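Colleague:
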Amino acid sequence: MNHIEGNATETLKAQRPRINREARQQQILDAAIACVLLHGFHGASMSEIAKQARMSVGVIYRHFENKEAIIEAIVALDIAQLRTDVAESLLRAETGEHEFSLEHAIAFISRQHERKRSALALEIYAEAARNPKVEAIVRRSAAIERELILTLVKFSASPGLSPVELDARADMLRIIADGMTVRGLYATDTDHTALARVLKPVFDMILHLDRAATRPYLTR
């Protein structure tokens, strides 16, 4: 084995515990989500989660201190997806594609209307109303979400807008997203393509409200 092969082998060995740990944590989160959707957060005990994950309770506690830590990790997954979405939107804008495409609108609606995702989000919100620790998690998550969306709004809007105006646009986008998440629980027959055709110009209008007068669909 030459020097390069030896270094590659050592690197793989060093990475393996981290990869295994991440895979184990994801397995626990998948089990926790399944239990929450079936029993709610109160019914999803650590023992139930361990049974669903086919692990011992001790293994669960080695990865997550308590159920609140599991909730925080679940919420972090959603934030990670939003970070990716915002980064992709900024990249498209940098290349001159400022408007939402119909395909992106459909993808957004499909994700927000995904019934499992909606049910999980509502369970988290309900638990936040009862549990101060979960409420703190949700508030931190909302603050990060707000900053990410505000970054997109600031990039898209014309210079000179006040912080109040920028905040209002970001809040409007969040209101639309939250509303779709709630509807995802029961609006299973929604035509995503038809809705996307209506939603696309709405997104464009919010992001570029100062250019509204030049948009044909706003003057009809």
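The working numbering runs 259 ahead of the 1-based position in the sequence shown.
Cβ atoms here follow ideal geometry from the backbone N, Cα and C, with glycine treated the same way.
Fair warning: this is a prediction, and the values are worked out from it, not measured in the lab.
Could you tell me which of Thr343, Ser417, Leu466 sits nearest to Asp430, measuring between CA atoms?
Modeller: For the purposes of this step, residue 430 is identified with residue 171 of the sequence shown, where counting begins at 1. Nearest option by C-alpha distance: Leu466.
Colleague: Mapping DSSP to helix, strand and coil, what is Ala455?
Modeller: To locate residue 455, count along the sequence shown from 1; it is residue 196. Helix, per DSSP.
Colleague: Do you know offhand how far Gln284's Cα is from His322's?
Modeller: Here residue 284 is taken as the residue at index 25 of the sequence shown, counted from 1. Here residue 322 is taken as the residue at index 63 of the sequence shown, counted from 1. Near 7 Å, if we compare the C-alpha coordinates of His322 and Gln284.
Colleague: I believe Ala446 touches Gln371 by the beta-carbon criterion, under 8 Å. Please report the beta-carbon distance rounded to the nearest angstrom.
Modeller: Start at 1 with the first residue of the sequence shown, and residue 446 comes out as number 187. Start at 1 with the first residue of the sequence shown, and residue 371 comes out as number 112. Not a contact, Cβ separation roughly 10 Å.
Colleague: By how many angstroms is the C-alpha of Leu432 removed from the C-alpha of Met464?
Modeller: Position 205 of the sequence shown holds residue 464. Position 173 of the sequence shown holds residue 432. Cα-Cα distance, rounded: 11 Å.
Colleague: Under the assumption that Val412 contacts Arg428 (Cβ atoms under 8 Å), give the Cβ distance between them as a whole number of angstroms.
Modeller: Numbered from its first residue, the sequence shown carries residue 412 at position 153. Numbered from its first residue, the sequence shown carries residue 428 at position 169. Yes, Val412 and Arg428 are in contact; Cβ-Cβ is about 5 Å, under 8 Å.
Colleague: Quick check: the Cα distance between Thr473 and Met314, rounded to an integer number of angstroms?
Modeller: For the purposes of this step, residue 473 is taken as the residue at position 214 of the sequence shown. For the purposes of this step, residue 314 is taken as the residue at position 55 of the sequence shown. In this prediction, Thr473 has a pLDDT of 42, which is less than 50 and means its spatial position is unreliable; what the coordinates show is noted afterwards. Cα to Cα, Thr473 sits roughly 59 Å from Met314.
Colleague: Please state whether the Cβ-Cβ distance between Ser377 and Leu454 is less than 8 Å.
Modeller: Counting from 1 along the sequence shown, the entry for residue 377 is found at position 118. Counting from 1 along the sequence shown, the entry for residue 454 is found at position 195. Contact: no.
Colleague: What does a CB cutoff of less than 8 Å around Glu404 pick up in its chain, not counting 5 residues either side in sequence?
Modeller: Taking the first residue of the sequence shown as 1, we reach residue 404 at position 145. Closer than 8 Å at the Cβ level, and outside the excluded window around Glu404, lie Ile338, Leu341, Arg433.
Colleague: Should Ala380 be labelled buried (16 or more other beta-carbon atoms within 10 Å of its own) or exposed?
Modeller: Against the sequence shown, residue 380 aligns to sequence position 121. By the neighbour-count rule (16 or more Cβ atoms within 10 Å), Ala380 is buried.
Colleague: In whole angstroms, what is the alpha-carbon distance linking Asp344 and Ile292?
Modeller: Counted from its first residue, the sequence shown places residue 344 at position 85. Counted from its first residue, the sequence shown places residue 292 at position 33. Cα-Cα distance, rounded: 23 Å.
Colleague: Hey, Glu386 and Phe300: beta-carbon distance below 8 Å or not?
Modeller: As a first step, residue 386 is located in the sequence shown; it is residue number 127 there, counting from the start. As a first step, residue 300 is located in the sequence shown; it is residue number 41 there, counting from the start. Result yes, Cβ atoms of Glu386 and Phe300 sit closer than 8 Å.
Colleague: Buried or exposed: which applies to Val295, given that a residue is buried once 16 or more other Cβ atoms fall within 10 Å of its Cβ?
Modeller: Here residue 295 refers to the residue found at position 36 when the sequence shown is read from its first residue. It counts as buried.
Colleague: In whole angstroms, give me the CA-to-CA distance for Gly438 and Ala366.
Modeller: If you number the sequence shown from 1, residue 438 lands on position 179. If you number the sequence shown from 1, residue 366 lands on position 107. Rounded to whole angstroms, Gly438 to Ala366 spans 16 Å at the Cα level.
Colleague: Can you tell me which of Met305, Ala312, Ser304 puts its alpha carbon nearest to the alpha carbon of Ala282?
Modeller: As a working note, residue 282 is residue 23 in the sequence shown. Closest option to Ala282, Cα to Cα, is Ala312.
Colleague: Kindly provide the ranges of any alpha helix (DSSP H) runs that are 4 or more residues long and lie completely inside the stretch 337-406, ordered along the chain.
Modeller: Correct list: 361-371, 374-389.
Colleague: Is it the case that the Cβ atoms of Glu331 and Ile396 are separated by a distance below 8 Å?
Modeller: Against the sequence shown, residue 331 aligns to sequence position 72. Against the sequence shown, residue 396 aligns to sequence position 137. Yes, the Cβ-Cβ distance between Glu331 and Ile396 is below 8 Å.
Colleague: Using the three-state DSSP reduction, which class does Leu444 fall into: helix, strand or coil?
Modeller: In the sequence shown, the residue the question calls residue 444 occupies position 185. Looking at Leu444 - three-state DSSP - the assignment turns out to be coil, as it is neither helix nor strand.
Colleague: State yes or no: is the C-beta of Ala328 within less than 8 Å of the C-beta of Lys459?
Modeller: For the purposes of this step, residue 328 is taken as residue 69 along the sequence shown, with counting starting at 1. For the purposes of this step, residue 459 is taken as residue 200 along the sequence shown, with counting starting at 1. No; because the gap between Cβ atoms is not below 8 Å, this pair is not in contact.
Colleague: Are His451 and Ser369 close, meaning C-beta to C-beta below 8 Å?
Modeller: Residue mapping note: residue 451 aligns to position 192 of the sequence shown, counting from 1. Residue mapping note: residue 369 aligns to position 110 of the sequence shown, counting from 1. The answer is yes: Cβ separation under 8 Å.
Colleague: Could you spell out where the alpha helix (DSSP H) holding Gly317 opens and where it closes?
Modeller: As a first step, residue 317 is located in the sequence shown; it is residue number 58 there, counting from the start. 316-322 is the span of the alpha helix (DSSP H), which, as asked, contains Gly317.
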